[in-house]
Amino acid sequence: MLALNYLREQTQDAKDRLSKRNPKYVETIDTVLAIDEENRKAKAEMEKNQSEANGLAKRIGELMKSGDKAGAEELKAQTAKLKEAGKGLEERSKQLEQELFDVLVSLPNTPHESVPLGQTAEENITVYQNGDIPTLAEDALPHWDLIKKYDLIDFELGAKISGAGFPVYKGKGARLQRAMINFFLDQAIAAGFTEIQPPLLVNAESGFGTGQLPDKEGQMYHATVDDLYLIPTAEVPITNIYRDVILKEEDLPIKNVGYTPCFRREAGAWGAHVRGLNRLHQFDKVEIVQIAHPDQSYALLDEMVIHVKGLLEKLELPYRILHLCGGDMSFTSALTYDFETYSAAQGRWLEVSSTSNFESFQANRLKCRFKNKEGKNQLAHTLNGSALALPRILATLLENNQTPEGIRIPAALVPYCGFDMIS
RNA sequence: GGAGAGUUGGCAGAGUGGUUGAAUGCGGCGGUCUUGAAAACCGUUGAUGGUGUGAGCUAUCCCGGGGUUCGAAUCCCUGACUCUCCGCCA
């Protein structure tokens with residue numbers, strides 16, 4: 268949620284930036300400002316009324332104390348009118364407040380000035396590419412066939428137990444998953460992150476804090492009996508640790524990492540290119556999350572990019588980094604880099620990490636602040652990145668590393684899984 | 001799941017329906033004293049919004065929501081959470 272102050276004081280800047288996502292937001296900003304002005308007027312009126320009522324109440328109290336019952340009764344009669352007026356004013360103010368809130372939460376984050384213009388994924392800009400794209404043999408298999416061949420994952424079994432998109436990892440498939448999780452966690456810990464094991468179900472407040480609610484309600488599994496949501500990413504519980512928290516400036520940046528399964532309904536997303544591990548309802552991910560001082564958040568974003576690059580290089584996977592354009596960025600992000608690995612048998616780039624700076628957009632929803640040097644509470648910046656999401660890494664790894672003898676495991680993972688070949 | 005108790009400022013903890021945004025203690029900050037520090041003493045110390053150039057004024061906030069009342073931290077209803085006891089259980 269954008270800060271109202273910002274929209275009021277830097278209206279043109281907000282309009283310019285949001286236009287990068289969609290020009291229609293210029294109008295929305297005007298609507299916000301109009302409602303805000305009306306709201307402030309209504310509030311002033313209500314406060315004046317309330318102030319009078321408070322004054323009368325106080326005087327009645329004094330009269331009662333001094334035993335002047337008649338005088339008190341006289342004043343009581345006067346309060347009736349104020350009370351009546353107050354009710355209407357309060358209702359009006361509440362309604363405007365709600366309207367303002369509704370419009371305000373419908374505004375996405377303002378893109379950073381470096382964000383490329385564009386509306387679709389085709390307009391994202393490749394800012395970096397690394398690693399050789401392997402040339403596979405004629406009879407190279409896509410990962411869903413390799414999985415069957417080596418009995419690593421059973422999709423049908425998962426479908427029986429749960430439904431489509433809930434794979435059952437078996438044997439070396441399961442061990443490789445565990446190896447990657449530990450590898451990613453250890454790498455993050457070595458980079459200064461603190462490991463967190465958060466709850467996997469969160470309440471609606473947490474869903475709102477990081478921006479999944481209300482606009483992405485349909486994407487999360489909702490346990491309605493207890494009104495809890497299954498997390499779509501560890502970002503939600505880990506960032507919400509800092510909801511309603513005022514941090515000390517010297518505590519920043521806070522660096523956390525967590526491994527969690529992620530649950531996504533992916534409503535409406537099923538179509539082409541979703542075979543095998545490409546898109547799942549449940550998958551594993553290691554997520555890094557930072558709470559930062561606004562002055563350093565972009566430097567920290569760069570650090571996170573370097574961290575993710577390091578992971579992909581240690582896994583010996585060809586990858587590229589995309590600077591997402593305004594139209595393709597998520598609702599909450601100010602700047603996002605997507606990492607994609609090249610899955611050679613499918614001949615496709617697969618997104619394996621999304622690394623973003625949310626600036627104060629989430630912090631404003633979370634009320635995550637720090638006391639600055641002037642002793643004032645200031646919104647922090649939040650950042651996060653996948654480091655990494657497992658299924659597509661696995662898909663790429665299986666496809667790219669297939670040999671007639673079996674699937675070669677990258678050296679970095681061998682100590683973690685205890686084998687160097689799947690055959 | 002059953003019964004009971006509780007939730008107050010950074011922390012601890014008091015609170016009578018009527019100048020209580022809230023005693024007191026600790027902590028924090030400033031000062032006196034000191035060569036310096038400690039101790040002691042004095043003062044100060046919540047958040048958010050509105051308004052004003054500013055001192056200020058004003059509204060809201062004592063777990064959340066609703067109600068009673070001229071007036072609610074205080075009374076009533078409801079929800080969440082915590083603790084104790086009992087039951088069940090990995």
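Residue numbers (my numbering): 268 to 690.
Even for Gly, the Cβ is constructed at its ideal location relative to N, Cα and C.
All values derive from a computational prediction rather than experimental measurement.
- In the three-state DSSP reduction, G322 falls in the helix class (H, G or I).
- Between A320 and G353, the CB-CB gap stays under 8 Å.
- In this structure, DSSP gives A270 a state outside helix and strand, which the three-state scheme calls coil.
- Of the candidates S429, E554, L374 and L468, the residue whose Cα lies closest to the Cα of D482 is L374.
- Between the C-alpha atoms of K576 and S381 there is a straight-line separation of about 20 Å.
- Membership of R445 in the alpha helix (DSSP H) is indicated by the continuous run G438 to A457.
- Nearest C-alpha to V553 among S620, T670 and Y509: S620.
- Between I689 and G673 the beta-carbon gap is near 5 Å, inside 8 Å, which marks them as a contact.
- The shortest CA-to-CA distance from M268 to any of H648, T599 and R615 is the one to T599.
- For P528, the uninterrupted beta strand (DSSP E) segment begins and ends at I521 to F530.
- Counting only unbroken stretches of 4 or more residues, the alpha helix (DSSP H) elements lying wholly within the stretch 324-409 are 336-372, in sequence order.
- If you draw a 10 Å sphere on the C-beta of Y395, you find fewer than 16 other C-beta atoms in it, and that means exposed.
- Spatial neighbours of S623 in its own chain (CB-CB distance under 6 Å, excluding positions within 5 residues in sequence) are listed in chain order as S600 and T603.
- Distances from the alpha-carbon of P682 to those of E364, N667, E502 and F451 put F451 closest.
- Excluding the 5 residues flanking it on each side, M447 has same chain C-beta neighbours closer than 6 Å at L657, in chain order.
- Counting of Cβ neighbours within 10 angstroms places I400 among the exposed residues, the total staying below 16.
- Per DSSP, H574 is one residue of the alpha helix (DSSP H) stretching across S564 to K581.
- Using a Cβ-Cβ distance cut-off of 8 Å, the stretch 575-590 and the stretch 269-276 are not in contact, since fewer than three pairs of beta carbons, one from each stretch, lie closer than that value.
- Remark: C-beta atoms of I420 and I428 do not approach each other more closely than 8 Å.
- The alpha-carbon separation between A407 and T670 amounts to approximately 9 Å.
- As far as DSSP is concerned, S600 takes part in no beta bridge.
- For K640, the closest of N391, E516 and N523 by C-alpha to C-alpha distance is E516.
- Under the DSSP assignment, N651 falls in the beta strand (DSSP E) whose first and last residues are H648 to A656.
- Just measuring C-alpha positions, the residue of S653, A457, L664 and S627 sitting nearest P378 is S627.
- Excluding five sequence positions before and after I676, the CB atoms of its chain that fall closer than 6 Å to its own CB belong to D687, given in chain order.
- Taken through DSSP and simplified to helix, strand or coil, Q669 comes out as strand.
- Here L342 has L323, R326, I327 and L330 as same chain residues with Cβ atoms under 8 Å from its own Cβ, once five neighbours each way along the sequence are excluded.
- Here Y292 carries a helix assignment [DSSP, helix/strand/coil].
- Around the beta-carbon of N507, 16 or more other beta-carbon atoms lie within 10 Å, marking it buried.
- Here F422 is buried: its Cβ has 16 or more other Cβ atoms, across all protein chains shown, within 10 Å.
- DSSP, reduced to helix, strand and coil, places M313 within a helical segment of the structure shown.
- The beta carbons of T663 and Y609 sit closer together than 8 Å.
- Contact between E666 and Q613 holds, since their C-beta atoms are separated by about 7 Å, short of 8 Å.
- Residue range Q549 to A559 is occupied by the beta strand (DSSP E) that includes E554, with no alpha helix (DSSP H) assigned at that position.
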